[in-house]
Amino acid sequence: MLTLRQLATAAKTVAQNASRMKHSLPELPYEYAALEPVISREIMNLHHSKHHNTYVTNLNAAEDKLRSATEKGDISTIISLAPALKFNGGGHLNHSIFWQNLSPCKTDPSPELSTAINNAFGSMENMKKLLSAQTTAIQGSGWGWLGYNPTSKTIQIVTCANQDPLQATTGLVPLLGIDVWEHAYYLQYKNVRADYVNAIFDIVNWKDVSERYKKAAGC
Ligand code: MN3
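Numbered per numbering that gives the first Met the number 0, the sequence shown spans residues 0 to 218.
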């Protein structure tokens, strides 16, 4: 029989372990080669197992430092960790959405999402045109997004620099993200970013985007 004291100690250990849960690299919902010819197996392999994995590793390391600094009440160190948390936490969040946003199977947007896109952009084709143009025009590394604005209850196109996570930096709920870091396309598309961005629409998982819209808009 456990004594009350032993039970309390065990509960404390469980709670501490839970708060120290490490982030881990999510499994892809398809094979590395599944998105060919739009995205090559080699790019998917490197992008997922190396690039995304590094964001996860560095996020865990930054959180360890944050925990230790918080325990010590070391405010200066806590503040200094903000850029690493934003970059690696953003990288982990963005890529976790990106893999789900893509699919080798043809899918269609829900009627609700189609209506919202038509209301905001006139048509699906026009939305793709605008999202492509703004995403292709990003200077340096970043992401193009279709996001839901909970205040205006409309869908918007925005771009973010680096790994800035959409919701934390703009308040928009991410629906569809396009990674235009060179590691996402350069091995295959070289300097022609526009071709990569336009081709991405052939492998968008509209079922996933529709589910994100339903969750964000509540309808
Ligand atoms: Mn990337």
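Every residue, glycine too, gets a C-beta built ideally from N, C-alpha and C.
Bear in mind the structure is a predicted one, so any value in this text is a computation, not a measurement.
| Check | Outcome |
| --- | --- |
| Where TYR147 sits in the DSSP three-state scheme | strand |
| Nonlocal neighbours in the same chain, by C-beta distance under 8 Å from LEU84, ignoring five residues either side | LEU58, ALA61, GLU62 and LEU65 |
| C-beta atoms of TRP98 and PRO28 nearer than 8 Å | yes |
| Same chain only: Cβ atoms within 6 Å of VAL55, ignoring 5 sequence neighbours per side | HIS22, LEU24 and HIS91 |
| Bridge-paired residues (DSSP) for PRO173 | GLY146 |
| Selected residue, minimal CA-CA separation from PHE86, among LYS189, LEU165, LEU101 and TYR188 | LEU165 |
| Bridge partners - THR56, DSSP secondary structure assignment | Answer by DSSP bridge pairing: none, since THR56 is not bridged. |
| Distance cut-off 7 Å: ASP178 Cβ against heavy atoms of the ligand MN3 | yes |
| Alpha carbon of ASP73 to alpha carbon of SER79, nearest angstrom | 10 Å |
| LEU129 to HIS51 span [Cα, whole Å] | 27 Å |
| Simplified DSSP assignment, three categories, for GLY217 | coil |
| CYS104, buried or exposed, once every other Cβ within 10 Å from all chains shown has been counted against 16 | exposed |
| Burial state of ASN190 (16 or more Cβ within 10 Å) | exposed |
| Between the CA atoms of SER39 and ILE225 - distance to the nearest angstrom | Only positions 0 to 218 of the chain appear in this structure, which leaves residue 225 out of reach. |
| Whole runs of the beta strand (DSSP E) within the stretch 39-114, excluding any shorter than 3 residues | none |
| HIS50 CB to nearest heavy atom of the ligand MN3 below 7 Å | yes |
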